[in-house]
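**Student:**
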Amino acid sequence: MVVLVRELSLFKRQRMNSISARRKVETVNKHDLLYLFYRYYQKMNDQFDCALDLMRRLPPQNVEENLNKLFDLVHPDLAAELLSTIDQPLKVKRCSKTGRDYLICDYNRDGDSYRSPWSNEYEPELLDGALPSPALRKLEIAANEAFDTYREMYYEGGVSSVYAFDIGDKFAIVVLIKKVGDGSRRMKGAWDSIHVFEVQERGRSAQYKLTSTIMLYMITNNQDLGNLNLSGSMTRQVEQDYPVDDPSVHIANIGRMVEDMELKMRNSLQEVYFGKTKDIVNDLRSLGSLAESKKQAQIQRELMGRLMERNK
Numbered sequence: 077m078v079v080l081v082r083e084l085s086l087f088k089r090q091r092m093n094s095i096s097a098r099r100k101v102e103t104v105n106k107h108d109l110l111y112l113f114y115r116y117y118q119k120m121n122d123q124f125d126c127a128l129d130l131m132r133r134l135p136p137q138n139v140e141e142n143l144n145k146l147f148d149l150v151h152p153d154l155a156a157e158l159l160s161t162i163d164q165p166l167k168v169k170r171c172s173k174t175g176r177d178y179l180i181c182d183y184n185r186d187g188d189s190y191r192s193p194w195s196n197e198y199e200p201e202l203l204d205g206a207l208p209s210p211a212l213r214k215l216e217i218a219a220n221e222a223f224d225t226y227r228e229m230y231y232e233g234g235v236s237s238v239y240a241f242d243i244g245d246k247f248a249i250v251v252l253i254k255k256v257g258d259g260s261r262r263m264k265g266a267w268d269s270i271h272v273f274e275v276q277e278r279g280r281s282a283q284y285k286l287t288s289t290i291m292l293y294m295i296t297n298n299q300d301l302g303n304l305n306l307s308g309s310m311t312r313q314v315e316q317d318y319p320v321d322d323p324s325v326h327i328a329n330i331g332r333m334v335e336d337m338e339l340k341m342r343n344s345l346q347e348v349y350f351g352k353t354k355d356i357v358n359d360l361r362s363l364g365s366l367a368e369s370k371k372q373a374q375i376q377r378e379l380m381g382r383l384m385e386r387n388k
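Residue numbering for the sequence shown follows the numbering used here, starting at 77 and increasing by one per position.
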């Protein structure tokens, strides 16, 4: 009996040691999995941030080409997120039903089809494509007409499109404007404006969250002045509350915010890109001859020398 109890006790101790060891292994494996997940998440975030930082420094007119090259470098799981995050230059398409041009982007895309704001139909045809609600579609039609006038007044040409869609208890409105240079001055370029509104209605008022992106490039090819490629992009955000006593007031509020934002961003682009480029070119290139510049430098040295002698 004593021997049996001793054997049972030994068996129980061995079993407890085995369970403890197994639990220890499971704990280690869980920690290893958490660590590996953390490393994977950190690596993905690092790649994503580096990719965005790199794309911000590359010419916007080459976004598609650079994105394809970037996909060969980053993790495949990041491809979809990069495509949805990085704004690409707008493309123009003609509505087959109305004959009017409209702009295509991810906001009016469903699969391989794009919805025309003029006909509210997808091209190529898509039977189950996402469409705005009737009330939102009515607002979209009025907004397209309003911004068509805005574009003609401010840009004197180009193409504009406005898209609206529901997002839960909110709705979004996207205002797109594109103007392409005609190249008449031996210069080609394009201006793309992308204004994304998230609108939250609150009784008799509404909150507007606006994210605006402007992509600009100008390329000149002149024998007298040489080649110049000036390009870049800028993104700004702003939030504003406005009273709303009628759905049509949304158009006036959105138009006011787009007008203010484009004015601020245009002034900033003029100071940052054009102003600094002009300063750099003026420093690098002199309108006078080299002999005249040397003569002026010699006169300055002589004046400085005489002033220093007088101060002694």
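Each residue gets a CB set at the ideal place from its N, CA and C atoms; glycine is no exception.
Unbroken alpha helix (DSSP H) runs of length 4 or more, entirely within the region 316-356: which are they?
**Tutor:** Complete alpha helix (DSSP H) runs here, min 4: 325-345.
**Student:** Taking C-alpha atoms, which residue in Ala127, Ser236, Val314 and Ala211 lies nearest to Tyr284?
**Tutor:** What you label residue 284 is simply residue 208 of the sequence shown in a count that begins at 1. For Tyr284, the nearest C-alpha among the options comes from Val314.
**Student:** Taking contact to mean at least 3 C-beta pairs separated by less than 8 Å, is the region 295-307 in contact with the region 260-271?
**Tutor:** Flag = yes, the region 295-307 and the region 260-271 touch.
**Student:** Below 6 Å, is the gap between the Cβ of Glu274 and the nearest heavy atom of the ligand HEM?
**Tutor:** With respect to small molecules bound, the structure shown includes none, and the ligand HEM cannot be examined in it.
**Student:** How would you call Gly279, buried or exposed, if buried means at least 16 neighbouring beta carbons within 10 angstroms?
**Tutor:** Residue mapping note: residue 279 aligns to position 203 of the sequence shown, counting from 1. Flag for Gly279 reads exposed.
**Student:** In angstroms with no decimal places, state the Cα-to-Cα distance between Val235 and Tyr349.
**Tutor:** Here residue 235 corresponds to residue number 159 of the sequence shown, with the count starting at 1. Here residue 349 corresponds to residue number 273 of the sequence shown, with the count starting at 1. Cα to Cα, Val235 sits roughly 24 Å from Tyr349.
**Student:** Roughly how many angstroms separate the alpha carbons of Leu203 and Glu216, rounded to a whole number?
**Tutor:** Position 127 of the sequence shown, counted from the start, is the residue given in the question as residue 203. Position 140 of the sequence shown, counted from the start, is the residue given in the question as residue 216. Cα to Cα, Leu203 sits roughly 20 Å from Glu216.
**Student:** Please identify the residue among Val357, Val250 and Val251 whose C-alpha is closest to the C-alpha of Gly302.
**Tutor:** Counted from its first residue, the sequence shown places residue 302 at position 226. Among Val357, Val250 and Val251, the Cα nearest to that of Gly302 belongs to Val357.
**Student:** Is the region 171-187 close to the region 233-253, with three or more CB pairs under 8 Å?
**Tutor:** Taking 8 Å as the limit for Cβ pairs, the verdict is that the region 233-253 does touch the region 171-187.
**Student:** Can you give me the Cβ contacts of Tyr190 inside the same chain, cut-off strictly under 7 Å, excluding the 5 residues immediately before and after it?
**Tutor:** Translated into positions along the sequence shown, residue 190 becomes position 114. For Tyr190, where only same-chain residues beyond five positions count, the Cβ hits under 7 Å are Lys169, Ile180, Asn184, Tyr198 and Glu199.
**Student:** Does DSSP put Gly308 in a helix, in a strand, or in coil?
**Tutor:** In the sequence shown, residue 308 corresponds to position 232, counting from 1. If DSSP states are grouped into helix, strand and coil, Gly308 belongs with the strands.
**Student:** Exposed or buried, what is Arg227 when buried is set at 16 or more other beta-carbons lying within 10 Å of its beta-carbon?
**Tutor:** Within the sequence shown, residue 227 is the residue found at index 151, counting from 1. That one is buried.
**Student:** Label Ala127 either buried or exposed according to how many other C-beta atoms from any shown protein chain fall within 10 Å of its C-beta, with 16 as the threshold for buried.
**Tutor:** The sequence position of residue 127 within the sequence shown is 51, counting from 1. Its Cβ being crowded by 16 or more others within 10 Å, Ala127 is buried.
**Student:** Quick one: is Val325 buried, meaning 16 or more other Cβ sit within 10 Å of its Cβ, or exposed?
**Tutor:** Locating residue 325 in the sequence shown gives position 249, counting from the first residue. With fewer than 16 Cβ atoms within 10 Å of its Cβ, Val325 is classed as exposed.
**Student:** Just tell me which of Tyr230, Ser195, Pro136 and Ser309 has its CA closest to the CA of Lys214.
**Tutor:** Sequence index remark: in the sequence shown, residue 214 carries index 138 (1-based). Ranking the options by Cα distance to Lys214, first place goes to Ser195.
**Student:** Roughly how many whole angstroms lie between the Cα atoms of Val256 and Arg176?
**Tutor:** For the purposes of this step, residue 256 is taken as the residue at position 180 of the sequence shown. For the purposes of this step, residue 176 is taken as the residue at position 100 of the sequence shown. Taking the straight line joining both Cα atoms gives about 17 Å.
**Student:** Looking at the unbroken beta strand (DSSP E) that takes in Val56, where does it start and where does it end?
**Tutor:** Past the boundaries of the shown model lies residue 56; the chain is included only from 77 to 388, so the question cannot be answered.
**Student:** Do Ile327 and Ala218 count as a contact pair if the criterion is CB distance below 7 Å?
**Tutor:** The sequence position of residue 218 within the sequence shown is 142, counting from 1. The sequence position of residue 327 within the sequence shown is 251, counting from 1. Yes. Within cutoff.
**Student:** Hey, would you say Pro136 sits closer than 7 Å to Ser307, going by beta carbons?
**Tutor:** Sequence index remark: in the sequence shown, residue 136 carries index 60 (1-based). Sequence index remark: in the sequence shown, residue 307 carries index 231 (1-based). The answer is yes: Cβ separation under 7 Å.
**Student:** From the DSSP output, in three-state form, read off Val150 for me.
**Tutor:** Position 74 of the sequence shown, counting from 1, holds the residue named residue 150. If DSSP states are grouped into helix, strand and coil, Val150 belongs with coil.
**Student:** May I ask which residues mark the beginning and end of the beta strand (DSSP E) holding Tyr190?
**Tutor:** As a first step, residue 190 must be located in the sequence shown, where it is residue number 114. Its beta strand (DSSP E) spans residues Ser189 to Arg191.
**Student:** Between the alpha carbons of Leu379 and Lys370, how many angstroms are there, rounded?
**Tutor:** For the purposes of this step, residue 379 is taken as the residue at position 303 of the sequence shown. For the purposes of this step, residue 370 is taken as the residue at position 294 of the sequence shown. Looking at the two C-alpha atoms, the distance is approximately 14 Å.
**Student:** Could you check the C-alpha separation between Arg342 and Arg386 for me, to the nearest Å?
**Tutor:** The residue you call residue 342 lines up with position 266 of the sequence shown. The residue you call residue 386 lines up with position 310 of the sequence shown. Approximately 50 Å between the Cα atoms of the pair.
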